[in-house]
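In this note's numbering, the protein residues as written are 7 to 456.
This report concerns only the one structure given below.
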Ligand code: ADP
Ligand code: MG
């Protein structure tokens, strides 16, 4: 029995599963991997009116494309869903029951701490292979060596190479979902063959950012060689699948590859980070109209996050990027969480973080508002480091006693008032992004920024 699918609303994004050679004149041709946006339903539910990236419209067959959706929040994505950590031999055997040749998992070795064990179901019994970890390499047979468990699993999936069977089916750790499967299911997985990596354009905390070419378009690619930090990237990518706004750096897709790593592909922001942009151009190039425009761009993105209950937690000019046509967009969702989630305090950007967030881990849209005030200060000081001439260790105690930064040189008083409001110590009476956006719009409309 087939289920009746509710029609996709206008604006729905799809990714092409196959090539479509248009036959009729009204058809919109596309190739596998193209992203299409639904414009309208047609009378026939199997066909939609859609537009492609360059804005051309036409009719497309629904079964040639896959609808894109956000990865459900709370989904625990894993690059190693078959890794079960510290479990015993007996527990592993129970997990691999009933027997199914090729079903496997990896656990930490109980007999050799620091090593691992590959457990494989094979013709009714479970084999346990000792994975030796020595000088940063992994090996079972001391002939073939691997950088990490993923490469090892990849190798023995494609070739038994001495094991009782090649690896066929991972026994998933309870509660986790294979990242690759989830990105494919939700329509965000891209094909590595379509991506060319060009030069390095930035260094992030967890990996390099490269300029890439994806099917003829310039893109930015965050790359990470598989290891523990990849998990943080997965979180960032899955947040990005849920967000869409003209002032947020747009995710184009994700590539999960055992051999080469994890890639997050986003739109390319030609003019780099806002802080570098402000510093390199400076006062003589950037007039007040630019500054208020950047402020509003960021504020609109933040209002969208506010409406959707996302907290950014790392809002700062270094995490805002500027496009070829001078639009500022918020990026770097590495710390972004839905409002309810709790934070493990890592290295927090002290000068940008609200006092209640530093003190009580109380992150909220209101703590983002505090950071936005600091970001406004950065914009109007053309990229200076906040709290100049105050030692880092003195910043928090002074701020908690009510200290606020002076207005940057030449900053319009109305804009300085907005900043100071963002730095209200009591988060409950700090303005919302909606209010801030309205205030900034008024400043812009009345040219009060001059
Ligand atoms: P991290 O999360 O580790 O801070 P970022 O996402 O901030 O990494 O990226 C580091 C740097 O790479 C940025 O400051 C910027 O210079 C560059 N970069 C990142 N994303 C893009 C992009 N989409 N377009 C152009 N440059 C980018
Ligand atoms: Mg950053």
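Beta carbons are placed, not taken as given, at the ideal position from N, Cα and C, and that holds for glycine.
All values reported here derive from a predicted model rather than from experimental measurement.
- For the pair of segments examined, the region 420-438 was found to touch the region 363-382: the number of CB pairs separated by less than 8 Å reaches three.
- Just measuring C-alpha positions, the residue of 389, 194, 210 and 214 sitting nearest residue 203 is 214.
- Taking 9 Å as the cut-off, the Cβ atoms of residue 336 and residue 452 do not count as close.
- Straight through space, the alpha carbons of residue 384 and residue 391 are spaced by roughly 7 Å.
- Within the same chain, 19, 20, 21, 72, 73, 74 and 75 come within 8 Å of residue 193 by CB-CB distance, once the 5 residues on both sides are set aside.
- A contact is defined here as three or more CB-CB pairs under 8 Å, and the region 116-126 meets this definition with respect to the region 165-177.
- Under a 10 Å Cβ-count criterion, residue 440 is classified as exposed, with fewer than 16 other Cβ atoms of the shown protein chains found around its own Cβ.
- Judged by DSSP in its simplified three-state form, residue 417 adopts coil rather than helix or strand.
- Using a 10 angstroms sphere on the CB of residue 60, the tally of other CB atoms stays under 16, which defines it as exposed.
- Residue 442 and residue 299 have their alpha carbons spaced roughly 13 Å apart.
- At the C-beta level, residue 196 and residue 205 stay beyond 9 Å of one another.
- Boundaries of the beta strand (DSSP E) around residue 267: 267-273.
- Within the DSSP bridge table, the entry for residue 223 names 220 as partners.
- In the structure shown, the three-state DSSP call for residue 54 is strand.
- Between residue 154 and residue 144, the gap from beta carbon to beta carbon is short of 9 Å.
- Comparing alpha-carbon positions, the option among 139, 26 and 37 lying closest to residue 200 turns out to be 37.
- A residue is called buried once 16 or more other Cβ atoms fall within 10 Å of its Cβ, and residue 87 is buried on that count.
- If you check the CB distance, residue 262 and residue 102 do not come in under 9 Å.
- Excluding five sequence positions before and after residue 306, the CB atoms of its chain that fall closer than 7 Å to its own CB belong to 253 and 443, given in chain order.
- Between the region 137-151 and the region 43-54, the count of Cβ pairs shorter than 8 Å is below three; the stretches do not touch.
- Counting other Cβ atoms within 10 Å of its Cβ, residue 100 stays below 16 and is therefore classed as exposed.
- The way I'd put it, the region 304-318 doesn't touch the region 395-413; fewer than three beta-carbon pairs between them come closer than 8 Å.
- Relative to the ligand ADP, the beta carbon of residue 432 is positioned no closer than 8 Å to any heavy atom.
- A straight-line Cα-Cα distance of about 19 Å links residue 244 and residue 321.
- Residue 244 has its CB no nearer than 8 Å to any heavy atom of the ligand ADP.
- 369 is the residue among 445, 369, 387 and 417 whose C-alpha sits nearest the C-alpha of residue 432.
- The C-alpha of residue 116 is placed about 42 Å away from the C-alpha of residue 272.
- Inter-residue distance for residue 363 and residue 355 is about 11 Å (C-alpha atoms, whole angstroms).
- Taking 8 Å as the cut-off, one finds at least one heavy atom of the ligand ADP near enough to the beta carbon of residue 324.
- If only complete runs of 3 or more residues are kept, the region 57-110 shows the beta strand (DSSP E) at 63-67, 71-73 and 82-84, in order along the chain.
- Of the other Cβ atoms in all chains shown, fewer than 16 fall within 10 Å of the Cβ of residue 435; this residue is therefore exposed.
- Secondary structure note for residue 311: it is in no beta strand (DSSP E), and the uninterrupted alpha helix (DSSP H) holding it is 294-313.
- A direct Cα-Cα distance of roughly 55 Å separates residue 105 from residue 323.
- Listed as beta-bridge partners of residue 16 by DSSP are no residues whatsoever.
- In this structure, the beta-carbon distance from residue 136 to residue 112 does not fall below 9 Å.
- Ranked by Cα distance from residue 454, the first of 332, 333, 375 and 297 is 297.
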